[in-house]
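Here the structure comes first, spelled out in C-alpha cells, and everything after it is commentary.
Residue numbers (this note's numbering): 743 to 851.
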C-alpha cells in the first residue's frame, strides 16, 4: 500500500499519479466493506481537511466502489460555539451514534 502521510504529500499531483495512489486504497475499502457485512461490525472513518472541495472529491473517489447499503457518508457542518469548546473527537460522536442507531448493518444481507 502506498504511503499517504500528509506531511509527505505534494501540494498537487498529476491525475495519473493520483489514480495510482488511490486504487489500492479503494481495494482496501472494498475489503473492509466485505468484513463489515460478514461480521456485522461497525466502522467509522473520518476524513478531515480545511478545503471542503478536496475532502468531498477524495470521499467521492474512495466510496465510488462501495455499497451505499453498507457505507454511509455523513457531512458535518461547521462547529458551533459549544462544539469548539469540546474535545476534538466529541464533535464526531453525536452524528456517528445517530447514524448507527438509525442504521444497523446486520439488516443488510
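Note that the Cβ used here is the ideal one computed from N, Cα and C, for glycine as well. Model, not experiment: these values are computed from the prediction.
Annotation for residue 823: the continuous alpha helix (DSSP H) segment containing it runs 823-827. Nearest Cα to residue 768 within the set 782, 755 and 809: 809.
When the beta-carbon positions are compared, residue 812 and residue 779 come within less than 7 Å of each other. Between residue 807 and residue 821, the C-beta gap is not smaller than 7 Å, which leaves the two residues out of contact.
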